[in-house]
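The next block holds one structure in the form of structure tokens; read it before the comments.
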Amino acid sequence: MSSVESQVIRTEYSEIMKKSYIDYAMSVIIARALPDVRDGLKPVQRRTLYDMYELGIRYDKPYRKCARIVGDTMGKYHPHGDSSIYESLVVMAQEFKKGMILVDGHGNFGSIEGDGAAAMRYTEARLTKFTQEAYLADLDKNIVDFGPNFDETEKEPLVLPVRVPNLLINGAEGIAVGMATSIPTHNLCEVIDAVKAYMKNDEISTKQLMRYVKGPDFPTGGIVVNKDELLNIYENGQGKIKIRGKVEVEELKGGKNQLVITEIPYTMIGSGIGKFLNDVYGLVESKKTGDIVDISNQSSKDGIRIVLELKKGADVENLKNMLYKKTRLEDTFGVNMLAVAEGRPETLGLKAIIEHHVDFQFELMTRKYTTLLRKEQEKKEVQEGLIKACDVIDLIIEILRGSKSVKDARACLVNGITENITFKSSISKKMAALLRFTERQATAILEMRLYRLIGLEIEALQREHEETLKHIARYEDVLNHYDSMADLIIEELDSYKKEYGRKRRTMIENAEEAVFEEKKIEEQEVVFLMDRFGYAKTIDVAVYERNKEAADSENKYVIHCMNTGKVCIFTDKGKMHQAKVLDLPYGKFRDKGIPIDNITNYSSSEEQIVLMCDAEQMRFAKLLFTTKQGMIKKVEGTEFQVSKRTIAATKLQEEDGLISVNVVTENQNIVLQTKGGYFLRFPAEEVPEKKKGAVGVRGIKLQKKDEIEQVYLFEEGTETKITYGEKEVYLNRLKQSRRDTMGTKNRS
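Right under this line is the structure:
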């Protein structure tokens, strides 16, 4: 038995699951999905930029293959797969997604229309000048904390020393566990102005900050149309921004116009443009508008240009409103300004983000100038030692010549120990005993070259010392006075604004709700035709009358209806599907039509039609439902006046199926015919009226393994003849019985 006994810890399983899930959730939140409020970067973005910096892929150096960048980042800092790293790299290089691009991409980095980037083995990248200056500068000055990487073989910055509010400028999107962030992009100049205003007055309100930050500034431009709601969004960090594309009207020859979309909503980036084009096609096909003659996407590397050619006399304003209402040309951007602040996720308003940024800038400046001050003080110490050494250079030379080792010489210079040194005179020995250089000064003296004793070199050393004293005074002033440090931060921000600032691209305004009037369709009677293959269409009544014989023989269903109405399809599965007549093509008699499956939920491969009728006519009737197992009921037609495309028309028992739906009147007779040859005749008034959700009552007592095959209706007193097998059967001569009896056997 092993000398070391294993220890079994007993605990509640739910507690382990709870702790494990919370640990996982926090890992995703902090280390993967959410940006840090200080640098506005997610870990994968931070690591990719730092790796490029470490590899020396600077803005003034040649591009390097993205595969090299991705591989190095994954191997050193981010062991979560190459796809996430490359995707992050691509997004940071796409001008249509970021307010300020951080990576200078070379090659195919995708398009605004949703085309993906080329594989990383084909594309190249390097840092932009902006990134290098505003995101990665001064990393050598102990300006941020470094921590071990995943395998503790490298060090990586826990946050980058970003000098601008990147969280606002470039925004962020990310889905964590139980939470998500969605921050829009903003204009660099406006954000810098807001930061300066906060630094001058930290009591400033969000409303006052919005004199500088007007609202989001999307790289795709567009128009924000709910200006009055922005204040609440920026105070709470949550809300919905309504954005529209920019539409211009161009005049063509012949009095025609065309609508040209030159800017799209930010939310349409990617497959949204294709979806928009399909939506416009759908509006034309469904006859929601007849004003659009042609639509073309003429977008190029020069910008977005989607052209809608209009017919002469088109109502341009109404059409624009329809596009805003019915397509994604007006869309909503959900804002949730969630970021990691002080190690925990927090929803932040505009002022809170700027406040965190300014605190971070003061921390960076404090660490930077503390490092610089320490270096200047070390330099000052050395310079003072060298200047002092020049004054007693003969004594120092005598000490060096009389020393047996560097250790003895250093001991004499630092502590005045002269025992192991040979001097020319006792005076020299006494003077040497008085020397008290510091360790750093002694090292500098021992390493000093003889040319430093030239008169001009000594003067240069004194001038350098004076410069060092000025630097020390300046650095101490910066570290000891808030205003001095604030002036430096503002000066740095102004330099970025001057070099990299650009005009706002997104307009901010209050716009009225898009309202459009749908053109009323002229109501008229049409004839619905559907052939045995399920192809349906509508034609004019006059056209039908001229081709009546051919129409009746070639089509399985012929129904007179209104073009504004609906056609109802009852199937053997007990369902009712509805089709709008307007969704069907209206045209010539010989047109093929479209499959009825295309405009309804009816599937010809799964269901069989037992009745097709006009919804309006059915409203004034009663319907007789009959199933294979002999269940029967009457239902008011008004029960089927519903808006849903598909409903359950009746309740069926297990293995039962609907075989017939007929319009029935009280003075009719019903004849049920089974496969076994039984006929049962009884008055329609014996069938009770039920709701559509009821099973019904038994219409006939069936023999074992027998089932209903046909249902016939005829008026009392009228002669009605059918053919059964090879015999003719007169239904009106059948013996009249009561419902729920066996009926009589008829041999064919």
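Reading the sequence shown from the start, the letters are residues 0 to 747 in numbering that gives the first Met the number 0. We put the CB at the ideal spot given by N, CA and C, even for glycine. Please read these numbers as outputs of a predicted model, since none were measured by experiment.
- Going by beta carbons, E688 and K633 fall inside the 9 Å limit.
- Scanning S642, F332, V663 for the CA closest to the CA of G170 turns up F332.
- Beta-bridge partners assigned by DSSP to C65: none are found.
- Taking C-alpha positions only, R732 is separated from I721 by approximately 12 Å.
- The beta-carbon separation of P34 and V339, rounded to 7 Å, stays under the 8 Å limit for a contact.
- When the Cα atoms are used, E380 and V413 turn out to be separated by approximately 14 Å.
- Residue pairing from DSSP places V634 in a beta bridge opposite L622.
- In the three-state scheme derived from DSSP, where H, G and I count as helix and E and B as strand, V357 is classed as helix.
- E249 carries a strand assignment under DSSP once its states are collapsed to helix, strand and coil.
- By the Cβ rule, the segment 69 to 87 counts as touching the segment 42 to 55, because three or more pairs are nearer than 8 Å.
- Here the segment 118 to 138 does not lie against the segment 352 to 361, with fewer than 3 beta-carbon pairs under 8 Å apart.
- DSSP places D482 inside the alpha helix (DSSP H), whose first and last residues are 481 to 499.
- The alpha carbon of D582 has as its nearest neighbour, out of I420, I168, I598, the alpha carbon of I598.
- DSSP places S83 inside the alpha helix (DSSP H), whose first and last residues are 81 to 90.
- Close CB contacts of L54 within its chain, under the 8 Å cut and outside five residues either way in sequence, are with R63, R67, I68, D71 (chain order).
- R37 carries a coil assignment under DSSP once its states are collapsed to helix, strand and coil.
- Residues E456 of the same chain have their beta carbon placed closer than 8 Å to that of Y450, with the five preceding and five following residues left out of the count.
- Taken atom to atom, the span from the alpha-carbon of M529 to that of S87 is near 54 Å.
- Here P61 is exposed, its C-beta having fewer than 16 other C-beta atoms within 10 Å.
- For K643, no pairing in a beta bridge is given by DSSP.
- For Y677, there is no enclosing alpha helix (DSSP H); the residue is part of the beta strand (DSSP E) that begins and ends at 677 to 682.
- N277: member of the alpha helix (DSSP H) spanning 271 to 284, first to last residue.
- Using a 10 angstroms sphere on the CB of G238, the tally of other CB atoms reaches 16 or more, which defines it as buried.
- Each of E491, G384, K324 was checked against the Cα of E438, and the nearest Cα belongs to G384.
- Note that the C-beta distance between Y134 and P160 is below 9 Å.
- Note on geometry: alpha-carbon atoms of M267 and T261 lie some 13 Å from one another.
- H356 counts as buried, since no fewer than 16 other beta carbons sit within 10 angstroms of its beta carbon.
- The segment 536 to 603 contains, as complete beta strand (DSSP E) runs of 3+ residues, the segments 556 to 561, 565 to 570, 574 to 579 (chain order).
- For T288 against L318, the beta-carbon gap comes to about 6 Å, under 8 Å, which counts as contact.
- Taking each of I420, E112, M447, M506 in turn and checking the Cα distance to K387, the smallest one comes out for M447.
- Taking the Cα positions, I426 is about 43 Å away from T369.
- Pairing I471 with K403, the inter-Cα distance amounts to about 38 Å.
- Judged by beta-carbon spacing, Y49 lies within the 9 Å limit of P156, meaning their Cβ atoms are closer than that value.
- With at least 16 other beta carbons inside 10 angstroms of its own, F527 counts as buried.
- When the alpha-carbon of M91 is set against those of A136, M178, P218, M430, the nearest one is in P218.
- Cα atoms of D150 and G80: separation of roughly 16 Å, rounded to the nearest angstrom.
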